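Keeping their order, the protein sequence lines are chains A and B. Each residue of the first sequence is one higher than the one before, starting from -10 at the first, in the numbering used here. Each residue of the second sequence is one higher than the one before, starting from 19 at the first, in the numbering used here. Structure first, commentary second.
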Amino acid sequence: QQQVKQSPQSLIVQKGGISIINCAYENTAFDYFPWYQQFPGKGPALLIAIRPDVSEKKEGRFTISFNKSAKQFSLHIMDSQPGDSATYFCAASASNTGKLIFGQGTTLQVKP
Amino acid sequence: ETGVTQTPRHLVMGMTNKKSLKCEQHLGHNAMYWYKQSAKKPLELMFVYSLEERVENNSVPSRFSPECPNSSHLFLHLHTLQPEDSALYLCASSQVVSYGYTFGSGTRLTVV
């Protein structure tokens, strides 16, 4: 029940295209859903996060869509650029548990 | 730098060695974490410290021993490790347990 399942494992998108990464969870106590971006040789960096009281959050080219009833959330990267090539992790946590549970990661490659 | 500094960046150690990983955060956060990142696996939470008190030990073998002398510093003491312990060890901090993690760049550990 603590798992967060992420798909696809890898993704190749042409420059200018839309990249979509999906995550699903089981634990209904989760109330915080961040996405992290990781470049080689670096630690994950917080990209965008959402709480279950909203269905969508947008920051620049990055959008989180959240479906509480389906227990799913997704990251959309609009106008994908080669500089977006990285590994993306979804995660989830419940208030004050001290546990941020990560998905397995998606390696995104944006081709010029 | 993200405000969380980890040293060393790379470490090679024999199975009988004793070594320590160091993490320092300059963000004024109250919680610190150790995560293990292995290839093709989700980030695994190892330990959580909140206000210098360990609040989570995620069934980690005793050959890993954390220490948090103050809210800015976190150590991971290693002894008699196994080759399967080779991984990227990431430190993170947050203002409040569970939310808004800032990660360091990690220590790449190789056990030979």
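All residues carry an ideal CB built from backbone N, CA and C; glycine is no exception. This structure is a prediction, so every number in the text was calculated from the model and none was measured.
With a cutoff of 8 Å on beta-carbon distance, K88/A and Y14/A are scored as not near each other.
Of all alpha-carbon atoms in C86/B, D103/B, P79/B, R81/B, the one lying nearest the alpha-carbon of V73/B is that of C86/B. Between the alpha carbons of W24/A and S58/A lies a distance of about 20 Å. For Y119/B, there is no enclosing beta strand (DSSP E), as DSSP marks it with neither H nor E. At a cut-off of 8 Å, the C-beta of F51/A has no neighbouring C-beta in chain B.
Between Q24/B and K40/B, the C-beta gap is smaller than 8 Å, which places the two residues in contact. Judged by their CB atoms, I53/A and L64/A are nearer to each other than the 8 Å cut-off. Within chain B, no residue has its CB atom less than 7 Å from the CB of F55/A, the nearest being about 16 Å off. Taking 8 Å as the threshold, the shortest C-beta distance from E85/B to chain A does not fall below it. Of the candidates Q(-5)/A, S(-4)/A, Q3/A, Q(-2)/A, Q3/A places its Cα closest to the Cα of G72/A.
Only G32, P33, A34, L35, A38 from the region 32 to 49 of chain A bring a Cβ to less than 9 Å from some Cβ of chain B.
Of all alpha-carbon atoms in P101/A, Q93/A, A83/A, A80/A, the one lying nearest the alpha-carbon of Q(-2)/A is that of Q93/A.
Rounded to whole angstroms, F82/B and H95/B show a C-alpha spacing of 6 Å. Runs of the beta strand (DSSP E) lying entirely within the region 1 to 50 of chain A, each at least 3 residues long, are 8 to 14, 22 to 27, 34 to 39, 45 to 48 in chain order.
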